[in-house]
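So the structure is just underneath, and the comments pick up after that.
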Amino acid sequence: EPEVTQTPSHQVTQMGQEVILRCVPISNHLYFYWYRQILGQKVEFLVSFYNNEISEKSEIFDDQFSVERPDGSNFTLKIRSTKLEDSAMYFCATTWDRSSETQYFGPGTRLLVL
Amino acid sequence: DQQVKQNSPSLSVQEGRISILNCDYTNSMFDYFLWYKKYPAEGPTFLISISSIKDKNEDGRFTVFLNKSAKHLSLHIVPSQPGDSAVYFCAASRKGVTGGGNKLTFGTGTQLKVEL
């Protein structure tokens, strides 16, 4: 069964450093999302992406965050200058069609900012 | 932002019995609801969904009920199995006004433990 993959599974970084989280969507999927879950809290929407542009973003997704699909397959989330509060699990999700409400999630990247 | 609430952080059920997980929402614009199951260190796995035009959807051991007037949905698992032990998240979405996809708003999750 096709699945969403994410790399790395874990990342430890120093505050102020840049990190790039990578996602490989299911091959025929066109809509991409990033969510995050801070330990003990709910899963929160960050951003949605379609047709090489951001469709919607949350208040969390400030200027320190960016997304792109550099090579037509990977979908990346970049945090330019990490803060301690960016420590969380980051999940990529994808769906094939806007009318398909079901989003399929990757296994997540655990980011720890020291 | 408490648009989707799961008021029970945990639930313990005996194997073979029914598990009922509940979810409430406040935003009447939500028109699609989903249940996800999550194991530690893994991503949420889609279980079952329901559109706001229906009040019930069934898939094997899993049934989701939607009561729009009460803004309440529930997930029934019958019979419960030890492998069902996980965190269950309720999520909701609405048709976006933009051309892009529809974000999911999650509840805080309910830890289900199915005991032998």
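In order, the protein sequence lines correspond to chains A and B.
Read in order, the letters of the first sequence are residues 1 to 114 in my numbering.
Read in order, the letters of the second sequence are residues 1001 to 1116 in my numbering.
Beta carbons are placed, not taken as given, at the ideal position from N, Cα and C, and that holds for glycine.
- Inter-segment contact for the region 1058 to 1078 of chain B and the region 4 to 19 of chain A is absent: fewer than three beta-carbon pairs are separated by less than 8 Å.
- Burial check for A/N28: the Cβ neighbour count within 10 Å stays below 16, so the residue is exposed.
- Contact with chain A is absent for B/F1062, since none of that chain's Cβ atoms lies less than 8 Å from the residue's Cβ.
- Counting only unbroken stretches of 3 or more residues, the beta strand (DSSP E) elements lying wholly within the region 1017 to 1105 of chain B are 1019 to 1025, 1032 to 1038, 1045 to 1051, 1056 to 1059, 1062 to 1067, 1072 to 1077, 1086 to 1093, in sequence order.
- For B/F1030, the closest Cβ of chain A is not nearer than 8 Å.
- Residue-level contact by beta carbon fails for A/G72 and chain B, as no gap is shorter than 8 Å.
- Between B/I1050 and B/L1073, the gap from beta carbon to beta carbon is short of 8 Å.
- Taking a cut-off of 8 Å on C-beta distances, the region 1027 to 1042 of chain B does not touch the region 1006 to 1019 of chain B, as fewer than three cross pairs fall below it.
- In the three-state scheme derived from DSSP, where H, G and I count as helix and E and B as strand, A/L30 is classed as coil.
- The Cβ-Cβ distance between B/F1046 and A/T102 falls below 8 Å.
- Around the beta carbon of B/G1107, 16 or more other beta carbons lie within 10 angstroms, which makes this residue buried.
- Going by DSSP, A/F91 is part of the beta strand (DSSP E) stretching over 88 to 95.
- Between A/T102 and chain B, the shortest Cβ-Cβ separation is below 8 Å.
- Proximity of B/N1102 to chain A, defined by a Cβ-Cβ separation below 8 Å, is satisfied.
- About 11 Å separates the beta carbons of A/W34 and A/V43, which is beyond the 8 Å limit, so they are not a contact pair.
- Going by beta carbons, A/M15 and A/T109 fall outside the 8 Å limit.
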